[in-house]
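In our numbering, the protein residues as written are -7 to 188.
Positions of the beta carbon are idealized from the N, C-alpha and C atoms, including for glycine.
Scroll down for the structure; my scribbles are underneath it.
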Amino acid sequence: MIRKAEVATDRMEYTKALAYYDQALEKDNNNYHANTGKGIILSEFMERYDMALPYLEKALSLSPKKDTLVKINYNLGKGYHYLENYNKALYYYSRVSPHNEVDNSDYDPYLNKRISDCNYAMAHSTVAPKGEQNIINVGNSINSELPEYAAVPAGDNLYFTSKKKDDEKENINAWDGKYFESMYVSKVNNDIFTTP
């Protein structure tokens, strides 16, 4: 199953890869490669950080080389960063930092920026306290498992971009393994969003 999952990942068939990893985990939930693979797909390719963290944590606990597993530590850092647990994010980023060199295949030119962002967020936690923020899922007509970005309300419209499959012939972007980004408009009628 692991090999099939890796092939599906190489083909950017992430849903299929997840199914193969799930099958491997059903047989052995302590399978290092299945936990790593599923965690990486959920984090790196699907941006489902909350779902990825348990698999990445387990993979890290199963590995004998905890300080040199750049990819796992990096994805844990990024996941905790996204979920606003900046102390944990900095912990994992610090484990990546000594190995973050240009010749490393997992090199991230933005690692120092990510670390700075975490430090800034912790130092300025009162700038936009959670109690003053309001982020909601507006429902299935707009929100999906695929990424949506940059929602802008204007009058009775909500403009946003997404990497959704709009057409059977639509291709996947080889650069990030997602569909190409398109712009959408949803009408808002009595607080209900229409399907774009």
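Taking 8 Å as the cut-off, decide whether the C-beta atoms of residue i and residue j are in contact.
i           : j           : result
residue 9   : residue 26  : no
residue 177 : residue 148 : no
residue 64  : residue 52  : yes
residue 140 : residue 152 : yes
residue 44  : residue 67  : yes
residue 85  : residue 71  : no
residue 16  : residue 22  : no
residue 13  : residue 37  : no
residue 4   : residue 169 : yes
residue 158 : residue 133 : no
By DSSP, does residue i sit in helix, in strand, or in coil?
i           : result
residue 161 : coil
residue 117 : coil
residue 37  : helix
residue 102 : coil
residue 57  : coil
residue 184 : strand
residue 146 : strand
Once you ignore the five residues that flank residue i on each side, which residues in its own chain have a CB closer than 7 Å to its CB?
i           : result
residue 135 : 129
Looking at the secondary structure, which residues open and close the beta strand (DSSP E) in which residue i lies?
i           : result
residue 265 : The structure shown has nothing for residue 265, since the chain only spans -7 to 188.
residue 176 : 174 to 181
residue 62  : First-last for residue 62: 62 to 74, but that is the alpha helix (DSSP H), not the beta strand (DSSP E).
Leaving out five residues before and five after residue i in sequence, what residues of the same chain have Cβ atoms less than 6 Å from its Cβ?
i           : result
residue 190 : The chain is shown from -7 up to 188; residue 190 falls before or after that span and cannot be answered.
residue 144 : 151
residue -7  : 12, 15, 16
Leaving aside the five residues before and after residue i along the sequence, list all residues of the same chain whose C-beta is less than 8 Å from its C-beta, in chain order.
i           : result
residue 113 : 76, 78
How would you write the range of the alpha helix (DSSP H) that residue i sits in, first residue to last?
i           : result
residue 137 : Counting along the chain, residue 137 falls outside any alpha helix (DSSP H), and DSSP gives it neither H nor E.
residue 87  : 78 to 88
residue -5  : -6 to 2
residue 27  : 24 to 32
residue 193 : Given that the chain is displayed from residue -7 to residue 188, the structure contains no residue 193 and the question cannot be resolved.
Comparing the C-beta of residue i with each C-beta of chain D, is any distance below 8 Å?
i           : result
residue 123 : Any reference to chain D falls outside this structure, which holds one protein chain only.
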